[in-house]
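Working notes, beginning with the structure itself.
Residue numbers (the numbering used here): 830 to 1087.
The following block contains the structure:
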């Protein structure tokens, strides 16, 4: 998934209008960098900002990319991720805003741990757990790259069937310059009505809206061009109190061996 720590990323400093800036910061904030592997079941991954409690297989990588648009502001994002060993994944993203008046670029890196021993069968479905830690960086026009935020998320995924799943992310985000932080919460539901695509709805919120931004609600979907290998996605997000919609359109390329 998009991955977009401290979203991002929804990711993700800020490279767009006030709303787009927040959306970008959310991805980073929520470590949205894209780290989930898109599988035949309804797991997390691009285009969600929520992450799932699963990792890419060892020796397998994915590349996700998307464009963001809110009013006259835009951003382009690339987000690779690879499975290092079973249950351990390394991912990151790079964002290039347009215009680049204040921030020339943003990036993040995150490590996700979701071992098989953290899986729990239940009466209603499989429950998986994981942890994700990450750092975010930005590059102001007036200086070089600097660390902007850090965070730690607990991940939980309840897979009801191959067609439906729920994801919960809960953790702490800390801004480096202010030294202040807050608790972030990400909730998403995914439904795969057809093997060729999926639909989802999610909410990103926190207990420090003055610092981390207001609650964001998102809906979207993905269509497989090549099942479990190459997909196209589109999303629409809106922040509480805003009349402006943030649109994204992107792709996901999965199962790249190394």
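Using N, Cα and C, we set each Cβ at its ideal position, and we do this for glycine too.
Practice item. Kindly list the residues whose CB is nearer than 6 Å to the CB of residue 923, restricted to its own chain and excluding five residues on each side of it in sequence; keep chain order. Key: 907 and 936
Check your understanding: Going by C-alpha distance, which of 917, 884, 894 and 886 is nearest residue 1081?
Key -> 894
Exercise for review: Count the CB pairs spanning the region 948–956 and the region 924–935 that are closer than 8 Å, and state whether there are at least three.
Suggested key: Counting Cβ pairs under 8 Å, fewer than three are found: no touch.
Review point. Where does residue 1069 sit, in a helix, a strand or coil, going by DSSP?
Key: coil
Check your understanding: Applying the criterion that 16 or more other CB atoms from any shown protein chain within 10 Å of the CB defines a buried residue, is residue 876 buried or exposed?
Key -> buried
Practice item. Would you mind working out which of 883, 890 and 886 sits nearest residue 1085, comparing C-alpha positions? Key: Out of 883, 890 and 886, 890 has the C-alpha closest to the C-alpha of residue 1085.
**Study point:** In DSSP terms, what residue 1087 is bridged to
**Key:** In DSSP, residue 1087 forms no bridge with anything.
**Study point:** Exposure label - residue 885; buried when at least 16 CB within 10 Å
**Key:** buried
Check your understanding: With a CB to CB cut of under 6 Å and the five nearest residues on each side skipped, what residues in its chain are close to residue 1036?
Key -> Taking residue 1036 as the centre and dropping the five residues before and after it, the same chain places the C-beta of 1011 and 1012 closer than 6 Å to its C-beta, in chain order.
**Study point:** Outcome for residue 1015 when other beta-carbon atoms lying within 10 angstroms are tallied against a minimum of 16
**Key:** buried
Check your understanding: residue 1029: which of 943, 1065 and 1070 sits nearest, CA to CA?
Key -> In terms of CA proximity to residue 1029, 1065 leads the group 943, 1065 and 1070.
Check your understanding: Where residue 946 and residue 961 are concerned, what is the direct C-alpha to C-alpha distance, given to the nearest angstrom?
Key -> In this structure, the straight-line span from the alpha carbon of residue 946 to that of residue 961 is close to 16 Å.
Exercise for review: Determine the DSSP secondary structure at residue 1056, reduced to helix, strand or coil.
Suggested key: Residue state, collapsed to three classes: coil.
Review point. Skipping 5 residues on each side, what residues in its chain have a beta carbon closer than 7 Å to that of residue 989?
Key: The beta carbon of residue 989 lies closer than 7 Å to those of 953 and 954 in the same chain, with the five residues before and after it left out.
Review point. How is the alpha helix (DSSP H) around residue 1039 delimited, first residue to last?
Key: 1038–1041
Review point. Expressed to the nearest angstrom, what Euclidean distance is found between the alpha-carbon atoms of residue 860 and residue 956?
Key: Summary for residue 860: the model assigns pLDDT 32, below 50, so the residue's position carries little reliability; its value from the coordinates is reported in the next sentence. Those two C-alpha atoms are separated by around 21 Å.
**Study point:** Whole-angstrom C-beta distance between residue 963 and residue 938, which should lie under 8 Å
**Key:** 6 Å
Check your understanding: Which ranges would you report for the beta strand (DSSP E) in the region 884–931 if only whole runs of at least 3 residues count?
Key -> 889–899, 902–914 and 917–927
Review point. Run through DSSP, which three-state label would residue 882 get?
Key: coil
**Study point:** According to DSSP, residues forming a beta bridge with residue 1019
**Key:** 994 and 1029
Check your understanding: Looking at the unbroken beta strand (DSSP E) that takes in residue 962, where does it start and where does it end?
Key -> 955–969
Review point. Apart from the five residues on each side of it in sequence, which residues of its chain come closer than 8 Å, Cβ to Cβ, to residue 1009?
Key: 1003, 1037 and 1040
**Study point:** Distance between residue 1069 and residue 1023 (C-alpha atoms, nearest Å)
**Key:** 31 Å
**Study point:** Local conformation of residue 972 per DSSP, three classes
**Key:** coil
Check your understanding: Can you tell me whether DSSP reads residue 1007 as helix, strand or coil?
Key -> coil
Check your understanding: Buried or exposed: where does residue 932 fall if 16 or more other Cβ atoms within 10 Å of its Cβ makes it buried?
Key -> buried
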